[in-house]
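Working notes, structure below.
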Ligand SMILES: Cc1ncc(COP(=O)(O)O)c(C=O)c1O
């Protein structure tokens, strides 16, 4: 499994023992494998090497500066959705000419920042947004390069919370709206429409919905050509699924083999925005068993990670494999739960696991994407540490939060001054 292997019965990430990391850094801690990230990037690079393209890693999957620095080093750009993501990308040394910016609710401030940073394309999701960008472009006396995000209205066969390319979701423009925009684009003097964008959803394990959506977009591009409108870039988004349990997602080589003939017909250069595929199986969440609670009807393995660290199980009913740090004889059937005060705070239900006892470490697999990035301070729990392994070395790439971090930026209202005085006593 992706550079997370057992050696002499103990779990390793590349050449570093998980136990060593847990003892040095504490738990819960996300551990990422550089070799796995690089291998996943190489798979995409090989699959698309014969077609003009740029890769824009979707950094919402995992925006740690070190992960972004790996992207920058390999010449990848990023797909962003906020001013905060732009800030991180610039700090990590991503080339702004390879940054694309999606999202239905960009603020004027964020649009200004993106233009000032000189990003490649703003992916526009509504006519209203287009008018705002045109207005900002006029003020700055600039022509702003954009792509129109199309909602191709297809069924991507994934969890409904992460299906974005179907009818009724908030994302993108209908074909008719896009057509209307092109017909009045002459009026938008400070806009240059360079591309079309789609992103149909996440954790998609079949090529079919991509083919379906791309065929629709390709027909639309042919229609535009007949009106002498040419589109240079086609952004097909991300969403390529990974193995959490028994899924059989296509490899990037199969994916490219199926979609490139459709893309080729458009004559457009390609933008691809994988997120989960690159980092999902490159990370684990290492946690410690706090207690094994036995009840008449059930066993509970209570661990020190919770839904605040990894919300995917509570939010999407997602499956994550659970690995012991040490392989042992015998099994126990139990719910693996966190310390958060919610019944939804669990990682597995009625799962058969190797015998685990208080103080043992375990790893929640496939936690590299939408793990730390969706984490919170719920129940006033400091966020986890993050560690990047590179062969036999490991680096702390985000220190664990402290209690002081929890109240950073907060203050007590002057009207509650008595409380303030009391607080000073401590
Ligand atoms: C516009 C856009 N591109 C790419 C992605 C990446 O998706 P995934 O991580 O499934 O590859 C997302 C995820 O939501 C997205 O919104």
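Residue numbers (this note's numbering): 4 to 429.
All C-beta atoms in this analysis are idealised placements derived from N, C-alpha and C, irrespective of residue type, glycine included.
Residue-level contact to chain B via CB, residue i, 7 Å cutoff
i: residue 262; result: Of the protein chains in the structure, only one exists, and it is not chain B.
CB contact flag (residue i, residue j, <7 Å)
i: residue 166; j: residue 155; result: no
i: residue 289; j: residue 39; result: no
i: residue 254; j: residue 302; result: no
i: residue 139; j: residue 194; result: no
i: residue 199; j: residue 220; result: yes
i: residue 379; j: residue 65; result: no
i: residue 274; j: residue 236; result: yes
i: residue 17; j: residue 392; result: yes
i: residue 292; j: residue 356; result: no
i: residue 114; j: residue 81; result: no
i: residue 126; j: residue 105; result: yes
i: residue 305; j: residue 343; result: no
i: residue 386; j: residue 413; result: no
i: residue 371; j: residue 270; result: no
i: residue 332; j: residue 364; result: no
i: residue 84; j: residue 397; result: no
i: residue 281; j: residue 60; result: yes
i: residue 241; j: residue 201; result: no
i: residue 208; j: residue 144; result: no
i: residue 330; j: residue 121; result: no
i: residue 230; j: residue 55; result: no
i: residue 215; j: residue 157; result: yes
i: residue 116; j: residue 86; result: yes
i: residue 91; j: residue 44; result: no
Nonlocal neighbours in the same chain, by C-beta distance under 6 Å from residue i, ignoring five residues either side
i: residue 369; result: 247, 283, 284 and 323
i: residue 4; result: Model confidence at residue 4 stands at a pLDDT of 49, short of 50, so the residue's coordinates are unreliable and nothing is read from them.
i: residue 42; result: none
i: residue 174; result: 154 and 167
i: residue 36; result: 6, 16, 17, 285 and 392
Residue i Cβ short of 6 Å to ligand 1 heavy atom set
i: residue 202; result: yes
i: residue 140; result: no
i: residue 91; result: no
i: residue 117; result: no
i: residue 99; result: no
i: residue 277; result: yes
i: residue 105; result: yes
i: residue 259; result: no
i: residue 254; result: no
i: residue 188; result: no
i: residue 181; result: no
i: residue 61; result: yes
i: residue 171; result: no
i: residue 64; result: yes
i: residue 37; result: no
i: residue 82; result: yes
i: residue 205; result: yes
i: residue 242; result: yes
Cβ shell of residue i (< 7 Å), same chain only, five flanking positions each side left out
i: residue 95; result: 68, 71, 72 and 75
i: residue 401; result: 67, 388 and 389
i: residue 23; result: none
i: residue 384; result: 309 and 311
i: residue 295; result: 302, 304, 359, 360 and 361
i: residue 409; result: 380, 383 and 385
i: residue 57; result: 80, 101 and 274
Close Cβ partners of residue i (< 8 Å) along its chain, the five nearest in sequence each way excluded
i: residue 258; result: 50, 210, 213 and 243
i: residue 172; result: 154 and 166
i: residue 15; result: 7, 8, 9 and 21
i: residue 350; result: 306, 308, 313, 316, 323, 325, 339, 340, 341 and 367
i: residue 147; result: 118, 125, 136, 137, 139, 140, 193, 194 and 195
Whole-angstrom C-beta distance between residue j and residue i, which should lie under 8 Å
i: residue 252; j: residue 245; result: 6 Å
i: residue 130; j: residue 107; result: Contact flag wrong, Cβ pair sits at about 12 Å.
i: residue 382; j: residue 311; result: 6 Å
i: residue 348; j: residue 374; result: With 8 Å as the limit, residue 348 and residue 374 do not qualify as a contact, their Cβ atoms being about 15 Å apart.
i: residue 217; j: residue 181; result: About 15 Å separates the two Cβ atoms, so there is no contact after all.
i: residue 124; j: residue 197; result: 6 Å
i: residue 264; j: residue 47; result: Not confirmed; about 18 Å, so no contact.
Entirely within the stretch 339 to 406 and at least 4 residues each: give me those alpha helix (DSSP H) ranges in chain order.
-> none
Unbroken stretches of the beta strand (DSSP E), 3 residues or longer, contained in the stretch 177 to 255 | Qualifying beta strand (DSSP E) stretches, in chain order: 194 to 200 and 236 to 238.
Alpha helix (DSSP H) runs contained entirely in the stretch 62 to 97, provided each spans 4 or more residues = 68 to 76 and 86 to 94
Which full runs of the beta strand (DSSP E) of 3+ residues lie inside the stretch 17 to 68, going along the chain?
-> 32 to 36 and 56 to 61
Just list the beta strand (DSSP E) runs in the stretch 96 to 127, keeping only unbroken ones of 3 residues or longer that don't cross its boundaries, in chain order.
-> Whole beta strand (DSSP E) segments, 3+ residues: 102 to 104 and 124 to 127.
Can you give, in chain order, each stretch of the alpha helix (DSSP H) that sits fully within the stretch 254 to 292 and has at least 4 residues?
-> 255 to 269 and 279 to 282
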